[in-house]
Amino acid sequence: MGKDNQQQFFEKNHVKEINLKDFFDVIKRRFWIIIVVTIFAMVGAHYYSGLNNTTPLYQTSTRIVVGSEGESMSTLMVMIKDPIILNRVIEELQLSKSASGIAGQIEVQRLEESQVIMISVTDSDPALAAAIANTTASVYKTEIANILDFKEVQLLSAAVENPYPINGGNQNKLLLIGGVFGLITGIGLVFLLDSLDGKIRKESELEEILGVPVLGVVSNMNRKKLAVKKSKQKDVELRGETVDLK
Numbered sequence: 542m543g544k545d546n547q548q549q550f551f552e553k554n555h556v557k558e559i560n561l562k563d564f565f566d567v568i569k570r571r572f573w574i575i576i577v578v579t580i581f582a583m584v585g586a587h588y589y590s591g592l593n594n595t596t597p598l599y600q601t602s603t604r605i606v607v608g609s610e611g612e613s614m615s616t617l618m619v620m621i622k623d624p625i626i627l628n629r630v631i632e633e634l635q636l637s638k639s640a641s642g643i644a645g646q647i648e649v650q651r652l653e654e655s656q657v658i659m660i661s662v663t664d665s666d667p668a669l670a671a672a673i674a675n676t677t678a679s680v681y682k683t684e685i686a687n688i689l690d691f692k693e694v695q696l697l698s699a700a701v702e703n704p705y706p707i708n709g710g711n712q713n714k715l716l717l718i719g720g721v722f723g724l725i726t727g728i729g730l731v732f733l734l735d736s737l738d739g740k741i742r743k744e745s746e747l748e749e750i751l752g753v754p755v756l757g758v759v760s761n762m763n764r765k766k767l768a769v770k771k772s773k774q775k776d777v778e779l780r781g782e783t784v785d786l787k
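Going by the working numbering, the first residue of the sequence shown is number 542, and it counts up by one from there.
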């Protein structure tokens, strides 16, 4: 039983090696198809990203400390985006935007239930985004003291220009997706064409079809060499000689 198991083990490994070799042979035979399909897919992804090209957006943040807790903190956070505050920001920066437009660019977030409030601004101009964030924080500190007589607001850190767009990686992602899609499609197409190809390229394929072992192989005949050989044979026959031509 031990020898039989070993023989079965080696036969299975031999089959796996043959199948793996056949796999790479198929890819190697039509590798150019994979390359062409992958290139076309990446070109298509690049063209699509060009059609859907969006304006790069930049985001930056400033932080303030508000000395309040509970419901008072929630009220103070809401007032950061109030038109009273934002209209002053528009006046100071001389912007041609509305208060609601600025409010849509601002995100207010409390950091981990602390007294630190982060004011984030998104804009197509990184310098303007930083200016809006810093101006909003300073105007808020002044106006909240006048409106609610609340003076427990301190500027913690100013916003700086962020040179990296938050939506800049979309094109690279599309190119990567296009490349992977083209590679997979190309490999699938190669194996589809191979399955439809009826040519017999190996002795093993012929043995599998006929069910009998191959006893010999006839090499490819070269037409030029065959013509020369026939010409020599005729010359020998005319002279009445018997020569073994090779």
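Glycine included, every Cβ here is placed at the ideal spot set by N, Cα and C.
- Under the 8 Å Cβ criterion, the region 653-670 counts as touching the region 697-705, having at least three qualifying pairs.
- Inside the region 563-611, DSSP marks whole beta strand (DSSP E) runs of 3 or more residues at positions 599-607, from first to last along the chain.
- Three or more Cβ pairs closer than 8 Å define a contact, and the region 602-622 meets that threshold against the region 675-689.
- When the beta-carbon positions are compared, R571 and V721 stay at least 7 Å from each other.
- Taking 7 Å as the cut-off, the Cβ atoms of L696 and A672 do not count as close.
- With respect to L724, S590 sits apart: the two C-beta atoms are not nearer than 7 Å.
- Looking from the CA of I580, the closest CA among K692, N628 and G719 belongs to G719.
- Counting the other CB atoms within 10 Å of its CB gives I688 a total below 16, which places it among the exposed residues.
- For S698, the CB contacts under 8 Å within the same chain, skipping 5 residues up- and downstream, are T603 and R604 in chain order.
- Beta-bridge partners of L716 (DSSP): none assigned.
- The beta carbons of Q646 and M659 sit no closer together than 7 Å.
- A straight line joining the alpha-carbon of D735 with that of V567 spans about 7 Å.
- Bounds of the alpha helix (DSSP H) holding V630 are P624 to L634.
- Here the alpha carbons of N713 and W573 stand approximately 24 Å from one another.
- Residue environment analysis places V577 among the exposed positions, since fewer than 16 neighbouring C-beta atoms fall within 10 angstroms of its C-beta.
- A straight-line Cα-Cα distance of about 29 Å links S661 and L592.
- The Cβ neighbour count for K622, taken over all protein chains shown within 10 Å, is at least 16; the residue is labelled buried.
- Judged by DSSP in its simplified three-state form, L697 adopts strand.
- Taking the Cα of I707 as reference, the smallest distance to any Cα among H587, A582 and T595 is reached at T595.
- The continuous alpha helix (DSSP H) containing E684 extends over residues P667 to L689.
- Bounds of the alpha helix (DSSP H) holding Q646 are A640 to Q646.
- When DSSP states are grouped into helix, strand and coil, I658 belongs to the strand group.
- Contact annotation, V630 with T677: C-beta distance approximately 5 Å; criterion of less than 8 Å satisfied.
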